[in-house]
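Report on the structure given below.
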Amino acid sequence: MPYKYLELSANNVPSDGKVSHARGYPVLSFSIGRQDAVLDMSSIRIAGKLNIWRDTAGTLHPTGANAANLMASPKLGVYGMFDQITIRHTESKQVCEQIRHYQRFLSSYIPLLSSHQDALSHMSETSLIMNNHLSFRNSVIRNTAASSFCVPLPCGMTLGKNRVPLNSLPIDLDLSLSPDSSFFFSSAATGSLAELSDCFYELSDIKLLCEVYVPQPDEMSRMLAKSGAFDFNSITSYFSTLESTNSIINFRLGLSRVLSAFVNFIPSTFVNNLSQDGSITYMPSATSSAAGAVASGGSLANLESITFLKNGERFPYEYNVETNFDTDNNTQSADPQVIRELMSALSPDDVVRTNISPNNCNRDFVVNNNRTNGYKLIPDGGGMWGVGALYDKLDADGVDFSSEQFSIQMRNGLTDGNPNSAYLFIKSKNTMLWKDGQIQIIT
Amino acid sequence: MTDEDDSGPDLMDLSEIKTDIAQTVQTDIIRPSVFSQNFCRFTLDRRLGFLHSDSKITLSVTPAAGNTSAYYPLHIGVGVLIDSCSLKIGQRTISETQSFSHLHSYSSLFLTNENNLEREQYLSQRCIAHKNVYADTTNPLSASTYGLDNGKNADGVANTLNAFQINSAASADTIAEAPTYSIYLSDLFPCLQSFQIPSYLINDPIFVEINWTPVSTSLSGAQVSARMCMASTDTEDTEYNITENEVNLIYDSVSYDADVMQKYAEGKGRNIVFEFKDYSLAKRTGDQAEFSNLVFPIGGNGRLCSKVIMGLQANDSYVARSLLNGYGSHAPTDGEELTLNLLYNDRYEFSIDRSNAALLFSTTQAAEGAVPMVSRQEYSREMGATITTDTFEGHAENTFLGGQFSWNAIRPNRGDRINTKGIDLIYKNPNLAADDYTLRVWVEIVKVMTIKDGQADCYYA
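As you go down the protein sequences, you meet chains H and V in turn.
Numbering that gives the first Met the number 0 puts the first residue of the first sequence at 0, with every later residue one more than the last.
Numbering that gives the first Met the number 0 puts the first residue of the second sequence at 0, with every later residue one more than the last.
Set out below in structure tokens:
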């Protein structure tokens with residue numbers, strides 16, 4: 000019996016089986032217990048049903064007449080609900096991998112590594128992602144019944160071909176759910192919150208599914224060793240804020256095998272703000288009008304030059320990336336070199352399936368709520384932009400930032416000092432060692 | 000594969016051969032040795048080289064008098080003409096597939112939409128790809144639906160196929176210019192998906208036999224074409240005959256330097272053994288109540304089974320004035336759930352029956368190792384109004400695409416040989432609309448082919 004399917008319910012589900020951040024269940028926790036089997040991490044799926052309600056009782060769905068402005072990110076679908084993922088040892092509770100700002104990471108990762116046709120076909124079934132605001136709103140937000148979903152959880156341990164010996168490494172998987180104000184936003188021309196304050200999302204029939212390999216007697220000692228090690232690529236997230244025309248992101252990463260880095264941006268006032276889309280990954284911008292006011296402001300603070308530094312030296316590129324905006328400030332095009340380096344940071348191989356295109360990556364829009372050229376009108380899933388650098392094309396041992404300073408310098412047009420949040424994600428190689436029920440992560 | 004001389008490359012392998020030997024490809028056009036409107040046989044004589052798996056059979060129909068808008072079902076294209084096919088060597092049947100056109104509907108799910116748009120609509124007329132449908136092309140927020148994309152800019156709300164894809168009998172010229180498409184041998188015979196047959200090592204002739212899909216069917220009540228789809232202006236019961244002169248096997252024969260071929264024949268080629276997958280069909284027909292809680296024995300007794308594929312066809316969907324004719328798979332009624340499980344060797348495959356639509360979709364993805372490129376509304380009917388009401392060849396897309404791609408597959412993952420009781424499929428599809436349905440289930444079975452001393456043989460693993 001080499002393989003078998005496991006189907007696990009969440010540990011912390013209330014008696015009615017319904018989970019929502021709004022009702023005090025901000026974390027989904029699953030335990031894959033100790034057993035003589037090897038877990039195929041890539042087989043992990045989270046399945047369930049999503050209901051979206053417009054009243055606190057959870058009985059009424061949004062419609063075209065009620066809570067009509069309720070919206071969520073079409074490029075994330077159910078992934079918009081996941082704020083943080085943590086994989087830890089069940090017994091010692093030592094953390095194997097944790098990605099904070101998971102929703103922000105996926106806001107770049109998913110549209111960049113899946114195509115327009117992916118979003119128009121299979122992703123609408125598995126993760127409720129759709130490539131257009133209205134079709135997403137009509138079929139998911141305003142679904143008159145529950146929307147079923149079943150998604151993998153992209154992270155270092157699940158994306159590799161890692162096999163975890165559960166006899167030594169039983170694992171807990173915790174998913175922190177996003178607050179409703181982060182998952183939803185208002186699509187009104189003023190960002191109005193009328194009728195939206197009671198809206199919430201609710202999950203039911205939640206389960207984790209996976210496959211485990213049950214070694215034959217002659218494979219036991221090899222596959223279920225009491226000690227061992229494996230490598231995996233993981234994501235470490237950092238947060239910074241840009242407030243000036245010469246913005247610097249500066250961190251001591253403490254990581255010895257850095258493969259790539261990328262940053263996505265959002266005006267800080269949009270974070271966890273029900274009137275704004277918290278998954279926007281567009282260019283930094285100037286101050287925009289508040290919710291309820293006539294939309295104004297939000298002009299792009301275009302990046303004119305980008306420089307990645309290591310210990311104060313230009314690295315990995317020995318030059319400043321002078322963007323096309325620096326050469327011609329009338330251009331509506333995004334700089335292709337910046338896009339290329341962002342895509343390389345996410346995947347060192349040539350990306351053949353991507354949803355980023357001139358439709359959703361350009362300078363045609365402003366970051367406010369208006370219905371003429373506001374960022375919520377950006378087609379094909381919404382704005383996709385960011386800054387990145389690839390350190391190791393071969394996905395080998397990367398670059399040592401264990402004691403060196405990591406910096407990005409960005410000359411930009413942020414003349415009004417509007418704070419813009421920069422979410423920095425570092426892809427690095429980690430090694431997990433385990434012995435006698437204890438683990439050690441070498442970063 | 001049994002190796003008596005390991006020094007040479009494995010010439011049967013379809014993947015890249017790491018060697019610098021020269022390769023020659025010779026292409027012959029083989030005419031059928033037997034042909035009728037029901038059956039066709041190609042006889043492949045022994046010749047130097049390997050029968051390449053990407054050899055093709057070309058097919059065409061003769062536009063029927065009076066009809067000007069016929070086309071093949073959009074998701075399977077010209078594959079609709081093949082009802083069953085078998086590959087024989089001498090008197091031995093190596094591979095045989097029943098209800099091929101329906102199975103082809105399943106396997107076509109895994110072609111990417113981009114591939115259909117840019118390639119398949121020209122090769123086989125498979126053209127399922129999607130695009131946002133904008134009510135106002137100046138407003139990026141106006142696409143509340145999506146629809147089919149074949150590369151044409153729709154004229155208003157009415158999209159059509161490209162002109163060369165239409166089988167029209169409007170004139171002698173259009174009849175003569177009826178499109179000819181092709182299908183790979185490896186699509187017909189799964190055994191050719193990994194290996195090419197060393198035909199020069201086989202003494203017996205190789206036969207490719209095809210039973211054509213009947214010209215018409217009355218499953219939906221009236222007599223309608225079972226081979227074509229057409230616009231509402233055409234006559235549904237018109238029979239479309241296969242054009243004999245266009246039925247050819249384009250035989251690609253791959254050969255290498257004589258000494259390499261000789262060395263292979265005396266080394267690895269002396270005793271070739273390889274495994275491949277074949278499909279065994281089980282069918283159940285009945286009314287809607289039959290499928291509300293069904294335990295269906297699907298065979299596999301004593302075999303090694305690697306996959307179970309299933310789809311439900313409603314008799315009412317065999318309509319020629321449509322986009323897919325009857326070759327889709329009927330999704331559960333909106334608001335209902337399909338529940339699946341397998342029982343074999345006295346144990347259930349899943350400890351809890353699976354009924355979540357997205358989970359069943361993912362189960363199919365895991366079974367095939369590839370993603371079904373269909374949308375939520377095409378697979379499960381959830382919020383079906385998201386498919387456009389615009390027309391394609393005069394037919395509303397939401398009517399004819401919604402819930403017509405609900406194919407499912409399960410991979411038995413315990414690796415056990417199935418015992419003599421076989422596999423039971425647990426299939427619960429409640430509250431189907433009143434109609435007669437047919438549930439087709441293919442069990443993918445591991446077979447072994449041997450070629451020794453010029454004799455080919457085949458048996459179940």
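Glycine included, every Cβ here is placed at the ideal spot set by N, Cα and C.
Original post:
Of all Cβ atoms in chain B, is any one closer than 9 Å to the Cβ of ALA67 (chain H)?
Top reply: Absent here is chain B; the protein component of the structure consists of chains H and V.
Original post:
At a Cβ cut of 7 Å, what residues of the segment 120-150 of chain H count as close to chain V, listed as they run along the chain?
Top reply: SER120, HIS121, SER123, GLU124, THR125, ASN130, ASN131, HIS132, LEU133, SER134, ASN137, SER138, ASN142, ALA144, SER146, SER147, PHE148 and CYS149
**OP:** Give the straight-line distance between the Cα atoms of THR280 (chain H) and GLY382 (chain H), rounded to the nearest whole angstrom.
**Re:** 6 Å
Subject >> Among H:LEU195, H:ALA144, H:THR326 and H:GLY373, the one whose alpha carbon lies nearest that of GLY297 (chain H) >> reply: GLY297 (chain H) has its Cα closest to that of H:GLY373, out of H:LEU195, H:ALA144, H:THR326 and H:GLY373.
Subject >> Same chain, Cβ closer than 8 Å to ALA67 (chain H), neighbours up to 5 away in sequence not counted >> reply: PRO61 and GLU194
**OP:** Go through its chain and collect everything with a Cβ distance to GLN195 (chain V)'s Cβ below 7 Å, but skip five positions before and after it.
**Re:** For GLN195 (chain V), where only same-chain residues beyond five positions count, the Cβ hits under 7 Å are MET11, LEU13, PHE49, LEU50, HIS51, SER52 and VAL253.
Subject >> Opening and closing residue of the alpha helix (DSSP H) in which MET229 (chain V) lies >> reply: First-last for MET229 (chain V): undefined, no H or E at that position.
**OP:** Please determine if the segment 81-99 of chain V and the segment 183-200 of chain V are in contact, where contact requires at least 3 C-beta pairs separated by less than 8 Å.
**Re:** Segment contact: the segment 81-99 of chain V against the segment 183-200 of chain V, three or more CB-CB distances shorter than 8 Å; contact assigned.
Original post:
Which residue's Cα is closest to the Cα of ILE165 (chain V): V:GLY155, V:GLU176 and V:VAL318?
Top reply: V:GLU176
Original post:
Quick one: what does DSSP say HIS121 (chain H) is sitting in, helix, strand or coil?
Top reply: helix
Original post:
Does any CB atom of chain V fall closer than 9 Å to the CB of ALA46 (chain H)?
Top reply: yes
Original post:
Among H:LEU258, H:LEU119, H:ARG33 and H:THR89, which one has its Cα closest to the Cα of SER427 (chain H)?
Top reply: H:LEU258
Original post:
Any beta-carbon of chain V closer than 9 Å to the one on GLU218 (chain H)?
Top reply: no
Original post:
Would you call ALA36 (chain H) buried or exposed, if buried means 16 or more other Cβ atoms sit within 10 Å of its Cβ?
Top reply: buried
Subject >> Partners in chain H for THR111 (chain V), counting only beta-carbon separations shorter than 7 Å >> reply: GLN116
Original post:
What does a CB cutoff of less than 6 Å around ILE128 (chain H) pick up in its chain, not counting 5 residues either side in sequence?
Top reply: GLY76, ALA118 and MET122
**OP:** Specify the secondary structure class of MET222 (chain H) as computed by DSSP and reduced to three states.
**Re:** Here DSSP, grouped into helix, strand and coil, assigns MET222 (chain H) to helix.
**OP:** Check the Cβ of HIS129 (chain V) against every Cβ in chain H and list those closer than 8 Å, keeping chain order.
**Re:** GLN116, LEU119 and SER120
Original post:
Using 9 Å as the limit for Cβ to Cβ distance, is LYS434 (chain H) near chain V?
Top reply: no
Original post:
Would you say ALA290 (chain H) and SER167 (chain H) are within 9 Å of each other, going by their C-beta atoms?
Top reply: no
Original post:
Who are the near neighbours of ASN11 (chain H) in its chain, counting only those whose CB is closer than 6 Å to its CB and skipping five residues on each side?
Top reply: Cβ within range, chain order: SER28.
Original post:
Across which residues does DSSP place TYR326 (chain V) in a beta bridge pair?
Top reply: For TYR326 (chain V), DSSP assigns no beta-bridge partner whatsoever.
Original post:
If the cut is a Cβ gap below 7 Å, which residues of chain H does THR385 (chain V) touch?
Top reply: SER134, ASN137 and SER138
Original post:
Where are the beta strand (DSSP E) runs, 3 residues long or more, that stay fully inside the segment 405-448 of chain V, in chain order?
Top reply: 407-409 and 422-427
Original post:
Once you ignore the five residues that flank PHE199 (chain H) on each side, which residues in its own chain have a CB closer than 7 Å to its CB?
Top reply: SER19, ALA21, TRP52 and ASP179
Subject >> Neighbour list for GLY334 (chain V) in chain H, Cβ cutoff strictly below 7 Å >> reply: ALA144
Original post:
What is the DSSP secondary structure of ASP203 (chain V), reduced to helix, strand or coil?
Top reply: coil
**OP:** Under 6 Å Cβ to Cβ from SER94 (chain V), same chain only, skipping five residues before and after it: list those, please.
**Re:** LEU86, PHE188, CYS190 and ASP277
Original post:
Alpha carbon to alpha carbon, what distance is there between THR212 (chain V) and ILE81 (chain V)?
Top reply: 5 Å
Original post:
Whose C-beta lies closer than 8 Å to the C-beta of LEU112 (chain H) among residues of the same chain, with five residues either side of it excluded?
Top reply: LEU345, SER346, VAL350, ARG352 and THR353
Subject >> Straight-line Cα distance separating ASP258 (chain V) from ALA455 (chain V) >> reply: 23 Å
Subject >> Neighbour list for ASP204 (chain H) in chain V, Cβ cutoff strictly below 8 Å >> reply: ASN355
Subject >> ASP2 (chain V), DSSP secondary structure in three states >> reply: Annotation note: pLDDT 45 at ASP2 (chain V) (below 50); position unreliable, no value reported.
Original post:
chain H partners of THR144 (chain V), CB-CB under 7 Å?
Top reply: SER134
Original post:
Is the shortest distance between the beta-carbon of ILE377 (chain H) and the beta-carbons of chain V less than 9 Å?
Top reply: yes
Original post:
So, ASN411 (chain H) versus SER246 (chain H), is the Cβ gap smaller than 9 Å?
Top reply: Their beta carbons are under 9 Å apart, which means ASN411 (chain H) touches SER246 (chain H) by this criterion.
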